[in-house]
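**Student:** The following block contains the structure, expressed as structure tokens.
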Amino acid sequence: MADGQRRVLVVDDEPTIAESVAARLRAEGFEVEIAADGPSAVAAAAARRPDLVVLDVMLPGFDGLEVCRRIQADRPVPVLMLTARDEETDLLVGLAVGADDYLTKPFSIRELAARVHALLRRAGRAEQLDGHRIVLADLEIDVVERRVHRGGDEVHLTPTEFQLLVHLAGRPRAVLPRERLLAEVWGWGEAASTRTVDSHVKALRRKLGADLIRTVHGVGYALEVPR
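Set out below in structure tokens:
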């Protein structure tokens, strides 16, 4: 691998899709490896240590949700999940097991490449956060070690969930519009869907408690802490 070249693992059992995605990402300057089933995907992630994983939900061996669980248990890595379904429950399950973003099939290869770049930029910004701890009531965020505790219990967050939480915690009680969160956390423009923000907020509530993030209908979200 050339110095500074990012490595992407593409996991899909449909050769046409996998090769199309790989070809586009290689053209964008990435080193790409392909896996076609659950077991080989987990093995490739452990052996190759990719910077990002593009992961189909429906796979032979075991599905993409289980692949995501196992990959994230080994080390945090950004995951872009591909799904043929657009049900909110399926998307939330994917976020709960460690996916950072998702695309519903059929998708544009150009959009997928843009999402990959955005995820890697976001991961890079998270690594560059100034070292400090944020303590708000019983919520503790260690930015250096990327650990989150609530009520003394450690909570595992995906890289995107962590950055979203840090962003909200940096302005406690302030209402941040969905569009602003998309721009500042995801790096997306106004045309992007705010549903991504809503899904990640739901995942944070499930992991950290429904009382932590307040919805301001028609506007956005605020992190609530006792005064």
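full-length UniProt numbering numbers the first residue of the sequence shown as 1 and each following residue consecutively.
For glycine and all other residues, C-beta sits at the position ideal for the given N, C-alpha and C.
Suppose only complete runs of 4+ residues qualify. What are the alpha helix (DSSP H) ranges in the region 132-208, listed by chain order?
**Tutor:** 159-169, 178-181, 195-208
**Student:** What do you get for Ala99, buried or exposed, if any count of 16 or more other CB atoms within 10 angstroms of its CB means buried?
**Tutor:** Buried, by the Cβ-count rule.
**Student:** Quick one: what's got a C-beta closer than 7 Å to Arg205's C-beta in the same chain, skipping five residues either side?
**Tutor:** Leu212, Ile213
**Student:** When you compare only the Cα positions, how much space is there between Arg48 and Gly218?
**Tutor:** 44 Å
**Student:** With a threshold of 16 other CB atoms inside 10 Å of the CB of Arg171, please say whether the residue is buried or exposed.
**Tutor:** exposed
**Student:** Which whole-angstrom value describes the C-beta separation of Ala41 and Val11, a residue pair presumed to lie in contact below a C-beta threshold of 8 Å?
**Tutor:** 4 Å
**Student:** How about Leu59 and Asp101: are their beta carbons less than 8 Å apart?
**Tutor:** no
**Student:** Tell me whether the region 129-143 and the region 155-170 touch, counting them as touching only if at least three CB pairs, one residue from each stretch, are closer than 8 Å.
**Tutor:** Judged by Cβ distances under 8 Å, the region 129-143 makes contact with the region 155-170, as three or more pairs qualify.
**Student:** Indicate whether the contact test is met: 3 or more Cβ pairs, each with one atom in the region 64-80 and one in the region 14-32, closer than 8 Å.
**Tutor:** no
**Student:** Taking the runs of the beta strand (DSSP E) that are 3 residues or longer, which of them lie wholly in the UniProt domain "Response regulatory" (7-120)?
**Tutor:** 7-11, 31-35, 52-56, 79-83, 101-104
**Student:** Along the chain, where does the beta strand (DSSP E) containing Gly220 start, and where does it finish?
**Tutor:** 220-223
**Student:** Would you say His132 lies against chain C (beta-carbon separation less than 8 Å)?
**Tutor:** The displayed structure is made up of one protein chain only, and chain C is not part of it.
**Student:** Answer with buried or exposed for Glu161, where buried requires no fewer than 16 other C-beta atoms within 10 angstroms of its C-beta.
**Tutor:** buried
**Student:** Taking the Cβ atom as the reference point for each residue, do Pro39 and Val8 lie within a distance shorter than 8 Å?
**Tutor:** Their beta carbons are not under 8 Å apart, which means Pro39 does not touch Val8 by this criterion.
**Student:** Between Phe62 and Thr104, what straight-line distance do the alpha-carbon atoms span, to the nearest angstrom?
**Tutor:** Taking the straight line from one Cα to the other gives about 20 Å.
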